[in-house]
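The sequence shown begins at 165 in this note's numbering and counts up one residue at a time. To start, the structure under review is shown below, and the notes come after it.
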Amino acid sequence: MAIKESEYFEYTIPALTSLFSGMLIFNKDVNLRDVMNKIDTARAFRLGTLLLFISFSVDLILPLGITQIKSISSFTHYFRYGAALCYLLSPSSKSYLLIAFIFSIMIIDVLATGLFHDLFVWPAFMFFIYGLRKKLSFGLRLLPIFFIIPLLIVVQAVKFQYREITWRGNGKGISTIVDLADKQNKEERLFSDESSGVISTVGRLNQGWHLGLVLRRVPRSVPFSEGKDFTSDLEGIILPRIFYPEKKVIGSKEKFEKFTGHKIEGNTSMTIGVLGDFYVNFGREGSYLLLFFLGLIISKFLHWFIIRYVIVDPVNIIWLPLLFNFVIRANNDFYMLANSLFKGFILFLIINYIFNRWK
165 MAIKESEYFE YTIPALTSLF SGMLIFNKDV NLRDVMNKID TARAFRLGTL
215 LLFISFSVDL ILPLGITQIK SISSFTHYFR YGAALCYLLS PSSKSYLLIA
265 FIFSIMIIDV LATGLFHDLF VWPAFMFFIY GLRKKLSFGL RLLPIFFIIP
315 LLIVVQAVKF QYREITWRGN GKGISTIVDL ADKQNKEERL FSDESSGVIS
365 TVGRLNQGWH LGLVLRRVPR SVPFSEGKDF TSDLEGIILP RIFYPEKKVI
415 GSKEKFEKFT GHKIEGNTSM TIGVLGDFYV NFGREGSYLL LFFLGLIISK
465 FLHWFIIRYV IVDPVNIIWL PLLFNFVIRA NNDFYMLANS LFKGFILFLI
515 INYIFNRWK
């Protein structure tokens, strides 16, 4: 940790309380389990086919370097997992084969790149949708956590070494991960409280290292942004790049290096997180207030989307993970979160229009 724990929690506890208060105070519960029973399985299969086609088509066109395609590819790539959710809602032998195909491609990509986000995020969403459909008890829905946490710790313990090996072309695959984990376990107890895997997992989930660097540097060495970065974020979200050439690039090193003082080598991308974003823009007290409103906006948008689109057409429940998956990711910031929601909703409207006219 870049700063003392007391200094870190002095900011994060009120900040997170503000954010989740905004999400929960005005939250209106909707019984999605009953909605799931009304899903037209044939319609779900057709939507899955459309999403799968779009996802792989955009990936094939991407090497052509078309700017407009590039700008949406980061979102359409995940349509294949939306397709898997659709197939889960239209159970058949063909659907299960397509789900296996989609996740086989994902595992190949994960092992080839050493980037493990999708390995945890999308199976979790699949289980969430499955749990709603089958009306699983809270205990059964909680059970996978006991399997996921050990796997997450192992991945966090070995992922940097695995990436070095993989990116140098010296080997890749599950056997490499197992060998690295075995070696790490011999050097330290892999699941002990003080192991690098456990510490790295906690730090990754709460972005404690990133935020700690920000709290140490701002405003001691770098002044508060006074909302300038936030304004440029909003401009980048709303304005297309063709009209705004200076539009920010998602995952850029610039903000991270400026507000943390830490230089990033290679193509690795890091962010200062949502809490860090609001802190550098609005200061301590200002960030508490604005984080409350961010939580409120997310909660209201979620509720409105469910009432307006999911209740009317239950298959649209698969769009909730697609729209909100960046909200729950650790390595994000306000620009990434809001840009994903805005861009995703525009794509939803276009695809929903096309799909409703597809006979």
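Beta carbons: idealized from backbone N, C-alpha and C, even for Gly. Treat the numbers as computed from the prediction; the structure is a model and nothing was measured.
Rounding to the nearest angstrom, what Cα-Cα distance links residue i and residue j in this structure?
i: arginine 381; j: aspartate 497; result: 18 Å
i: arginine 197; j: alanine 502; result: 28 Å
i: phenylalanine 388; j: glycine 447; result: 7 Å
i: phenylalanine 217; j: phenylalanine 190; result: 38 Å
i: tyrosine 443; j: glycine 450; result: 8 Å
i: isoleucine 312; j: leucine 306; result: 11 Å
i: tyrosine 242; j: serine 256; result: 22 Å
i: isoleucine 462; j: lysine 350; result: 45 Å
i: leucine 375; j: threonine 435; result: 9 Å
i: lysine 507; j: phenylalanine 239; result: 8 Å
i: leucine 398; j: leucine 183; result: 19 Å
i: phenylalanine 423; j: leucine 379; result: 9 Å
i: aspartate 343; j: glycine 333; result: 16 Å
i: threonine 340; j: tyrosine 260; result: 29 Å
i: threonine 330; j: isoleucine 515; result: 37 Å
i: valine 194; j: phenylalanine 302; result: 17 Å
i: aspartate 366; j: leucine 316; result: Reading off the sequence, residue 366 comes out as valine, not aspartate. C-alpha separation (whole angstroms): 10 Å.
i: tyrosine 294; j: leucine 304; result: 11 Å
i: valine 274; j: leucine 224; result: 19 Å
i: isoleucine 177; j: glycine 212; result: 41 Å
i: serine 433; j: leucine 188; result: 31 Å
i: histidine 281; j: serine 385; result: 33 Å
i: glutamine 348; j: serine 396; result: 43 Å
i: tyrosine 452; j: serine 268; result: 43 Å
i: tyrosine 473; j: aspartate 204; result: 15 Å
i: tyrosine 172; j: phenylalanine 310; result: 28 Å
i: glycine 337; j: alanine 276; result: 8 Å
i: isoleucine 471; j: leucine 454; result: 26 Å
i: aspartate 222; j: glutamate 169; result: The question names aspartate, yet the displayed sequence has valine at residue 222. So the two alpha carbons sit approximately 45 Å from each other.
i: leucine 458; j: glycine 440; result: 14 Å
i: lysine 192; j: isoleucine 271; result: 37 Å
i: serine 364; j: isoleucine 266; result: 29 Å
Report the CB separation of residue i from residue j in whole angstroms; it is logged as a contact under 8 Å.
i: isoleucine 524; j: methionine 200; result: Residue 524 is absent from the model: the chain starts at 165 and stops at 523.
i: asparagine 445; j: phenylalanine 394; result: 4 Å
i: lysine 202; j: proline 478; result: 5 Å
i: leucine 377; j: glycine 425; result: 7 Å
i: arginine 244; j: tryptophan 522; result: The pair is not a contact, with the Cβ atoms about 19 Å apart (cut-off 8 Å).
i: proline 308; j: phenylalanine 291; result: 6 Å
i: glycine 400; j: tyrosine 499; result: 6 Å
i: leucine 228; j: serine 237; result: About 11 Å separates the two Cβ atoms, so there is no contact after all.
With respect to the alpha helix (DSSP H) encompassing residue i, which residues constitute its N-terminal and C-terminal limits?
i: tyrosine 443; result: 437 to 469
i: methionine 270; result: 257 to 277
i: tryptophan 331; result: 309 to 331
i: leucine 281; result: In the sequence on display, residue 281 carries histidine and not leucine. Taken as a continuous stretch (DSSP letters only), the alpha helix (DSSP H) holding histidine 281 covers 281 to 298.
i: methionine 500; result: 498 to 519
i: leucine 579; result: Any question about residue 579 goes unanswered here, given that the chain covers just 165 to 523.
i: arginine 353; result: Careful: arginine 353 lies outside any alpha helix (DSSP H) and carries neither H nor E.
i: asparagine 434; result: The sequence given here has methionine at residue 434, not asparagine. Note, methionine 434: premise wrong, no alpha helix (DSSP H); not H, not E.
i: phenylalanine 198; result: Per the sequence shown, the amino acid found at residue 198 is aspartate instead of phenylalanine. Where aspartate 198 is concerned, the enclosing alpha helix (DSSP H) stretches over 196 to 200.
i: tryptophan 522; result: No alpha helix (DSSP H) holds tryptophan 522; DSSP gives it neither H nor E.
i: arginine 207; result: 205 to 225
i: phenylalanine 190; result: That residue, phenylalanine 190, is in no alpha helix (DSSP H); it is neither H nor E in DSSP.
i: histidine 374; result: 372 to 381
i: leucine 486; result: 483 to 488
i: phenylalanine 388; result: No alpha helix (DSSP H) contains phenylalanine 388, which DSSP labels as neither H nor E.
i: leucine 228; result: Per DSSP, leucine 228 belongs to no alpha helix (DSSP H) and is neither H nor E.
Please confirm whether residue i and residue j have their CB atoms less than 8 Å apart.
i: phenylalanine 456; j: serine 185; result: yes
i: lysine 427; j: glutamate 418; result: no
i: tryptophan 373; j: alanine 179; result: no
i: leucine 262; j: phenylalanine 519; result: no
i: leucine 253; j: alanine 208; result: yes
i: tryptophan 483; j: phenylalanine 512; result: yes
i: leucine 505; j: leucine 487; result: yes
i: glycine 278; j: arginine 327; result: yes
Can you tell me whether residue i sits near the ligand GDP, meaning its C-beta is under 7 Å from at least one heavy atom of the ligand?
i: arginine 244; result: Absence of the ligand GDP from the depicted structure is noted, as is the absence of any ligand whatsoever, leaving it without description.
*Check whether the stretch 309 to 326 touches the stretch 353 to 361, taking contact to mean three or more Cβ pairs, one atom from each stretch, closer than 8 Å.*
yes
*Counting pairs of Cβ atoms below 8 Å between the stretch 273 to 290 and the stretch 238 to 257, do you hit three or more?*
yes
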